[in-house]
Amino acid sequence: MLKDPKELKKTLNGYAKFLVNQSKANLKEDGRVVSGALYNSIKKEVTTGVGRFDLSIFAKDYAKFIDQGVQGTGSGNKAPNSPYKFGSGTGRKGGLTEGIEKWIKRRGIKGRDQKTGRFITQKSLQHLIVRSIWFRGIAPSMFLTKALNQVMKYLPDDILKAYALDLEGQIYNDIKNQEINLNG
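In our numbering, the protein residues as written are 152 to 335.
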């Protein structure tokens, strides 16, 4: 077992930093940064210890819905393969409506009636958007999944290399300490 996996920790920190930065870049590129709440919530944590190591990425709860999308209840579904779906009772009541209300305000969106050209109330616009999302779903952005797929191309090999360097260093230090003890 490694006592002090410095190389492993350095490698994991590098990949964790890449995951955070690339996820944020993907959100920006897709135009999914409105308030910045999700963007700013993406954080990393790397912990190592004797016989274990963890690389964790944290974000707001709704990050999984933005990443994987949400199935709608009707036809024209934008996320047919998503594990999440509206109407399944997995979310809190009214969360979509509240979120859309805030989104409309932040974006400064004004709705117009297609027939008359007149502005519609914010509540009417909110209702129309919520209904559309409810039936059609939310398309997946894969902002985190894309970054994770990039990392997984190299991470396993780099973990082995880092572990080998740490093990080599530990063996060297153990041998060096034994020589000192024998001579001392």
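For each residue, glycine too, the CB sits at the ideal point set by N, CA and C. Being a predicted model, the structure only gives us computed values, none of them experimental.
* **Reference SER275; option with closest CA among PHE294, GLY246, ILE251** => For the purposes of this step, residue 275 is identified with residue 124 of the sequence shown, where counting begins at 1. It is ILE251.
* **Buried or exposed (CB count within 10 angstroms, at least 16 for buried), SER180** => For this step, residue 180 is matched to residue 29 along the sequence shown. The identity of residue 180 in the sequence shown is Glu, whereas the question assumes Ser. Under this definition GLU180 is an exposed residue.
* Please classify GLY200: does DSSP put it in a helix, a strand, or coil? => Here residue 200 corresponds to residue number 49 of the sequence shown, with the count starting at 1. GLY200 falls in the strand class under three-state DSSP.
* Segment contact flag, the region 223-231 with the region 280-287, C-beta cutoff 8 Å, min 3 pairs -> yes
* Is there contact between the region 187-201 and the region 246-262, where contact requires at least three CB pairs shorter than 8 Å? -> no
* What three-state label does DSSP hand SER207 in the structure shown? -> As a working note, residue 207 is residue 56 in the sequence shown. Here SER207 sits in strand by DSSP.
* Please work out which residues of its chain come closer than 7 Å, Cβ to Cβ, to ILE271, disregarding the five sequence neighbours upstream and downstream, and give them in chain order. => Translated into the one-based positions of the sequence shown, residue 271 becomes position 120. Excluding positions up to five away in sequence, the list reads GLY262, ARG263, ASP264.
* To do: Can you tell me which of the three DSSP states PHE216 falls into?
  => Residue 216 sits at position 65 when you count from the first residue of the sequence shown. DSSP places PHE216 in helix when its eight states are reduced to three.
* To do: With a threshold of 16 other CB atoms inside 10 Å of the CB of LEU170, please say whether the residue is buried or exposed.
  => In the sequence shown, residue 170 corresponds to position 19, counting from 1. Here LEU170 is buried: its Cβ has 16 or more other Cβ atoms, across all protein chains shown, within 10 Å.
* Asked: To the nearest angstrom, how far is it from the Cα of HIS278 to the Cα of GLY202?
  -> Here residue 278 is taken as the residue at index 127 of the sequence shown, counted from 1. Here residue 202 is taken as the residue at index 51 of the sequence shown, counted from 1. Looking at the two C-alpha atoms, the distance is approximately 53 Å.
* Taking the continuous alpha helix (DSSP H) assigned at GLY246, which residues delimit it? -> Counting from 1 along the sequence shown, the entry for residue 246 is found at position 95. Here the alpha helix (DSSP H) through GLY246 covers 246-258.
* Identify whether GLN329 lies in helix, strand or coil by the three-state DSSP scheme. => Walking along the sequence shown from the start, residue 329 turns up at place 178. In the three-state reduction of the DSSP assignment, GLN329 falls in the helix class, which pools H, G and I.
* Closer than 7 Å by C-beta to LEU206: which residues in its own chain qualify, once you throw out the five before and the five after it? Chain order, please. => Looking up residue 206 in the sequence shown gives position 55. LEU163, TYR166, ALA167, VAL197, listed in sequence order.
* Given a cut-off of 7 Å, decide if LEU178 and VAL185 are closer than it, judged by their beta-carbon atoms. => Within the sequence shown, numbered from 1, the residue matching residue 185 stands at position 34. Within the sequence shown, numbered from 1, the residue matching residue 178 stands at position 27. The answer is no: Cβ separation not under 7 Å.
* Per DSSP, the bridge partner or partners of ARG287 -> If you number the sequence shown from 1, residue 287 lands on position 136. The partner list for ARG287 (beta bridge, DSSP) is empty, contrary to what the question assumes.
* To do: Drop a sphere of 10 angstroms on the beta-carbon of ARG257, count the other beta-carbons inside from all chains shown, and report buried for 16 or more, exposed for fewer.
  => Within the sequence shown, numbered from 1, the residue matching residue 257 stands at position 106. Exposed: under 16 other Cβ atoms inside 10 Å.
* To do: Sort SER233, GLY200, THR199 by Cα distance to LYS215 and report the nearest one.
  => Translated into the one-based positions of the sequence shown, residue 215 becomes position 64. Residue SER233 holds the alpha-carbon nearest to the alpha-carbon of LYS215 among SER233, GLY200, THR199.
* Leaving out the 5 sequence neighbours to the left and right, which residues in its chain are closer than 7 Å to ASN228 when beta-carbon positions are compared? -> Along the sequence shown, read from residue 1 onward, the residue named residue 228 stands at position 77. Cβ neighbours of ASN228 beyond the five flanking positions: GLN222, ARG287, GLY288.
* Just mark LEU311 as buried or exposed, buried being the case when its beta carbon has 16 or more other beta carbons within 10 Å. => Position 160 of the sequence shown, counted from the start, is the residue given in the question as residue 311. Result: exposed.
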